[in-house]
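Colleague:
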Amino acid sequence: MQLMIDNLPPDATADDLRALFTELGIPVPQEITIAPGLRERPSAAIAFHLDHAQMEAIVGLLDGRLWRGHQLHARHTALFR
Numbered sequence: 000m001q002l003m004i005d006n007l008p009p010d011a012t013a014d015d016l017r018a019l020f021t022e023l024g025i026p027v028p029q030e031i032t033i034a035p036g037l038r039e040r041p042s043a044a045i046a047f048h049l050d051h052a053q054m055e056a057i058v059g060l061l062d063g064r065l066w067r068g069h070q071l072h073a074r075h076t077a078l079f080r
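Read in numbering that gives the first Met the number 0, the sequence shown has 3 at position 4, and its numbers run on one by one without any break.
#1: How about GLN1 and ALA77: are their beta carbons less than 9 Å apart?
#2: Of all the options ALA73, ILE4, GLY68 and ILE57, which has the alpha carbon lying nearest to the alpha carbon of PRO23?
#3: Do you know offhand how far ILE31's Cα is from HIS48's?
#4: Do you know how far the Cα of GLU39 is from the Cα of ILE25?
#5: Cβ atoms of ALA73 and ASP10: under 9 Å apart, would you say?
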């Protein structure tokens, strides 16, 4: 499954996201891809080998969280790239 996070800080890196996940006790993702978003608000597509319930728990930890001055928007999808 894939986690989508929008409204990242413009300077956020994959390593920054890994550090956040570690801090929150979120498992290490399989892959992180950061893409430019609207008006300096990058988005990330993050691949995990987790089930629906586990992904919902991660979304619950991240959606709405204030991180480095940005309120994150998180959701998950079963679509793969």
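By construction, the Cβ of each residue, glycine as well, lies at the ideal position given by its N, Cα and C atoms.
Modeller: Working from what's here:
#1: Contact: yes.
#2: Here the sequence assigns Leu to residue 23, which means Pro is not the residue at that position. Among ALA73, ILE4, GLY68 and ILE57, the Cα nearest to that of LEU23 belongs to ILE57.
#3: So the alpha carbons of these two residues sit roughly 13 Å apart.
#4: Approximately 26 Å between the Cα atoms of the pair.
#5: Not in contact: ASP10 and ALA73 (Cβ atoms no closer than 9 Å).
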